[in-house]
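In the numbering used here, the protein residues as written are 7 to 368. Note sheet for the following structure.
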Ligand SMILES: *Cc1c(COP(=O)(O)O)cnc(C)c1O
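In structure tokens, the structure reads:
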């Protein structure tokens with residue numbers, strides 16, 4: 007029997023979630039983010055489903071877009087980080103990609119102000135990035151009109167204006183207020199096509215902000231910050247295993263590396279064949295919930311490379327081979343993340359090749 011640790015990807019749940027995103031977006035167009043291997047869910051498998059209903063796909067880098075085009079995906083694809091060099095510029099042209107322009111050096115690439123560049127087609131979609139306050143990428147609001155003029159002079163008639171929110175799940179936060187104010191005064195002055203919101207912005211129904219919505223995490227069933235519980239999203243990723251061993255541990259004995267957990271009562275400990283080498287986070291604290299045959303039990307002791315240990319003292323039916331859910335249908339990745347000092351996004355995107363993935367439906 008193979009090691010029972012595996013990941014199932016439910017492509018019907020993905021299709022359901024993108025339909026929900028489209029409903030929430032109303033008349034706005036929907037660009038679905040499939041960067042980082044579709045948040046760990048499989049780039050091509052997910053893109054094939056999303057391309058059926060989304061207006062466009064978004065990736066971080068050119069290599070991801072090329073993989074999509076080589077697999078026969080023909081919908082528009084936006085490269086969120088834009089070109090790093092002239093080779094990327096060539097790829098953007100050859101593969102008919104859309105590109106963000108976030109920096110002067112990219113402006114030079116596209117406008118050929120830089121004589122080292124190759125000629126660029128003028129019919130590719132450019133998205134001019136404005137830094138409204140996240141301070142990660144983009145032109146300052148004051149630098150946007152001249153950048154826009156430079157692109158229009160170079161022959162790109164109507165770049166879309168794009169920005170990103172730092173705290174989209176908290177629209178009432180002062181940083182968000184400031185970002186919205188800068189966004190509205192800039193885009194109202196400029197006119198033209200715009201794009202602002204990610205999943206949290208869409209889920210928080212911050213509608214009316216722009217023409218394009220860019221959801222990622224919610225498509226995979228994630229809830230940013232564990233919020234928006236009332237939205238009927240379906241988890242796409244199911245990370246499961248089975249109990250491989252059980253043992254009794256007397257009061258006062260410790261479990262696992264470093265002896266972090268000490269039995270406060272006579273305990274029954276289950277060992278599960280999943281560890282940080284399989285993508286289960288080593289930062290998981292004692293008490294991190296683990297689903298064991300339909301009941302939540304606490305993780306105890308440090309996560310090893312290949313195994314974890316769980317206290318099943320209060321679950322007398324659990325035994326060797328009982329099914330285990332690390333995260334998925336009944337235990338959300340956001341709940342697990344809250345116990346592991348990270349976010350669900352990271353748990354999903356750092357699953358190693360060792361963990362077998364299986365795609366269902368779609
Ligand atoms: C990844 C990304 C998104 C999607 O964000 P989610 O929080 O996953 O919805 C949107 N816009 C940009 C610029 C991104 O990098």
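Ideal placement from N, C-alpha and C gives every residue a C-beta, glycine not left out. All values reported here derive from a predicted model rather than from experimental measurement.
Got a sec: does ligand 1 put a non-hydrogen atom nearer than 7 Å to the Cβ of residue i?
i           : result
residue 230 : yes
residue 223 : yes
residue 237 : no
residue 199 : no
residue 73  : no
residue 41  : yes
residue 211 : no
residue 206 : yes
residue 170 : yes
residue 356 : no
residue 86  : yes
residue 142 : no
residue 12  : no
residue 220 : yes
Is the distance from the Cβ of residue i to the Cβ of residue j below 8 Å?
i           : j           : result
residue 86  : residue 66  : yes
residue 297 : residue 257 : no
residue 115 : residue 132 : no
residue 224 : residue 334 : no
residue 189 : residue 208 : no
residue 345 : residue 294 : yes
residue 79  : residue 102 : no
residue 355 : residue 45  : yes
residue 314 : residue 339 : no
residue 84  : residue 37  : yes
residue 212 : residue 177 : yes
residue 174 : residue 206 : yes
residue 284 : residue 11  : yes
residue 309 : residue 278 : no
residue 72  : residue 97  : yes
residue 218 : residue 34  : yes
residue 276 : residue 302 : no
residue 117 : residue 99  : no
Use the C-beta contact count for residue i: other C-beta atoms within 10 angstroms, 16 or more gives buried, fewer gives exposed.
i           : result
residue 94  : buried
residue 263 : exposed
residue 7   : exposed
residue 254 : exposed
residue 159 : exposed
residue 69  : exposed
residue 163 : exposed
residue 367 : exposed
residue 215 : buried
residue 59  : exposed
residue 300 : exposed
residue 185 : buried
residue 287 : buried
residue 326 : exposed
residue 90  : exposed
residue 359 : exposed
Suppose you measure from the CA of residue i to the CA of residue j; what does that come to, to the nearest Å?
i           : j           : result
residue 170 : residue 182 : 10 Å
residue 248 : residue 112 : 50 Å
residue 167 : residue 240 : 31 Å
residue 64  : residue 40  : 6 Å
residue 14  : residue 152 : 49 Å
residue 343 : residue 251 : 25 Å
residue 204 : residue 237 : 16 Å
residue 143 : residue 106 : 10 Å
residue 311 : residue 47  : 22 Å
residue 88  : residue 307 : 44 Å
residue 147 : residue 137 : 7 Å
residue 198 : residue 165 : 8 Å
residue 323 : residue 141 : 53 Å
residue 210 : residue 32  : 14 Å
residue 222 : residue 270 : 43 Å
residue 43  : residue 348 : 19 Å
residue 320 : residue 272 : 11 Å
residue 150 : residue 135 : 8 Å
residue 235 : residue 268 : 35 Å
residue 17  : residue 155 : 43 Å
residue 292 : residue 266 : 9 Å
residue 228 : residue 22  : 13 Å
residue 246 : residue 337 : 11 Å
State yes or no: is the beta carbon of residue i nearer than 8 Å to at least one beta carbon in chain C?
i           : result
residue 164 : Of the chains in the structure shown, none is chain C; there is only one protein chain.
Worksheet item: Which whole runs of the beta strand (DSSP E) in the segment 135-216 are 3 residues long or more, in chain order?
Response: If only uninterrupted beta strand (DSSP E) runs of at least 3 residues are considered, those enclosed by the segment 135-216 are 166-168.
Worksheet entry | Any beta strand (DSSP E) of 3 or more consecutive residues that is wholly inside the segment 81-127 | Runs of the beta strand (DSSP E) inside the segment 81-127: 83-85 and 104-107.
Discussion item. Going residue by residue through the segment 47-83, where are the continuous beta strand (DSSP E) segments of at least 3 residues, counting only ones entirely within it?
Written reply: Every beta strand (DSSP E) of 3 residues or more that sits fully in the segment 47-83 is shown, in chain order, as 62-65.
Discussion item. Give the list of continuous beta strand (DSSP E) stretches no shorter than 3 residues that lie fully inside the segment 222-279.
Written reply: Within the segment 222-279, complete beta strand (DSSP E) segments of at least 3 residues are found at 243-248, 251-255 and 273-278, given in chain order.
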